[in-house]
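Enquirer: For the sequence shown, the residue numbers in UniProt numbering are 1 to 154.
First the structure, then my questions, so here it is.
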Amino acid sequence: MPVFDLTDLPAACPPDTPWMGLDLGENTIGVAVSDTSRMIASPLQLIRKVKFSQDAEQLIKLMNGRNVSALVIGLPLNMDGSEGPRAQSCRAFARNLERLRPVNVAFQDERLSTTAVERFLIEELDLSRKRRADVVDRTAAAWILQGALDRLRA
């Protein structure tokens, strides 16, 4: 699996192809996608984890259907920047997925992304707890992907 530093990812991808952002949770996978110009990330879908093969099948179907050339996967680093078991699990997910469908991958620090999204959903959109639960993971995936896209433009 080609794992790239985020700044090297654009050169490895064909032009005018979207990227997909993933927020890998314990029970769900939040999925977001960019437009083909890679300017805007939008929440796409929530995959409820069952087992890896089924989860990967759903994800690959989404990737193929949108001609995705890269994944930006949120990496849940510890507050001191070190990698713990959750970060290692994200890296393992990417390695296992690549065995089924080759894809360019970059990891994006996702510390506090869910907290930021929760705050936005409460303060700006005034969503109820139940409604937030339905959108938080895919919105976090969009937050992660948008952060990566913005970082590349800076």
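For glycine and all other residues, C-beta sits at the position ideal for the given N, C-alpha and C.
Quick caveat, the model's predicted, so the values are computed rather than measured.
Is the beta carbon of Leu-152 closer than 8 Å to that of Pro-10?
Expert: Translated into the one-based positions of the sequence shown, residue 10 becomes position 10. Translated into the one-based positions of the sequence shown, residue 152 becomes position 152. Yes, the Cβ-Cβ distance between Pro-10 and Leu-152 is below 8 Å.
Enquirer: Among residues of its own chain, excluding the 5 on either side of Arg-66, which ones have a beta-carbon nearer than 8 Å to its beta-carbon?
Expert: As a position in the sequence shown, residue 66 is number 66, starting the count at 1. Pro-18, Met-20 and Val-33.
Enquirer: Starting from the C-beta of Ile-144, find all residues in its chain whose C-beta is less than 7 Å away, skip the five residues before and the five after it, and write them out in chain order.
Expert: Numbered from 1 along the sequence shown, position 144 holds the residue referred to as residue 144. Within the same chain, Ile-144 has close Cβ partners Gly-21, Asp-23, Val-72, Gly-74, Gln-108, Glu-110 and Ser-113.
Enquirer: To the nearest angstrom, how far is the alpha carbon of Ser-82 from that of Cys-90?
Expert: Looking up residue 82 in the sequence shown gives position 82. Looking up residue 90 in the sequence shown gives position 90. Each residue's alpha carbon lies about 14 Å from the other.
Enquirer: Is Val-31 near Gln-54, with beta carbons less than 8 Å apart?
Expert: Residue mapping note: residue 31 aligns to position 31 of the sequence shown, counting from 1. Residue mapping note: residue 54 aligns to position 54 of the sequence shown, counting from 1. Not a contact, by the Cβ cut-off of 8 Å.
Enquirer: Determine the extent of the alpha helix (DSSP H) in which Leu-97 is found, giving its start and end residues.
Expert: Taking the first residue of the sequence shown as position 1, residue 97 is located at position 97. Here the alpha helix (DSSP H) through Leu-97 covers 85 to 100.
Enquirer: Considering Cα atoms alone, identify which of Gly-147, Ala-140, Ser-37 and Ala-87 is closest to Val-68.
Expert: The residue given as residue 68 occupies position 68 in the sequence shown. Val-68 has its Cα closest to that of Ser-37, out of Gly-147, Ala-140, Ser-37 and Ala-87.
Enquirer: Can you pull the DSSP bridge partners for Asn-67?
Expert: Residue numbering aside, residue 67 sits at position 67 when the sequence shown is read from its first letter. Answer by DSSP bridge pairing: none, since Asn-67 is not bridged.
Enquirer: Out of curiosity, what's the CA-to-CA distance linking Ile-29 and Arg-138?
Expert: Residue 29 sits at position 29 when you count from the first residue of the sequence shown. Residue 138 sits at position 138 when you count from the first residue of the sequence shown. Roughly 8 Å separates the two Cα atoms.
Enquirer: Can you tell which of Arg-48, Asp-16 and Val-50 has its C-alpha closest to the C-alpha of Asp-35?
Expert: Within the sequence shown, numbered from 1, the residue matching residue 35 stands at position 35. Closest option to Asp-35, Cα to Cα, is Asp-16.
Enquirer: From this set, Ala-140, Glu-26, Leu-100 and Ile-40, which residue's C-alpha is nearest Lys-61's C-alpha?
Expert: Your numbering for residue 61 matches position 61 in the sequence shown. It is Leu-100.
Enquirer: In three-state terms, what does DSSP make of Gly-147?
Expert: Sequence index remark: in the sequence shown, residue 147 carries index 147 (1-based). Note: Gly-147 maps to helix in three-state DSSP.
Enquirer: Out of Pro-14, Asn-27 and Phe-52, which has the shortest C-alpha to C-alpha gap to Arg-95?
Expert: Here residue 95 refers to the residue found at position 95 of the sequence shown. Of Pro-14, Asn-27 and Phe-52, the residue nearest in Cα terms is Phe-52.
Enquirer: State yes or no: is the C-beta of Met-39 within less than 8 Å of the C-beta of Leu-149?
Expert: To locate residue 39, count along the sequence shown from 1; it is residue 39. To locate residue 149, count along the sequence shown from 1; it is residue 149. Yes.
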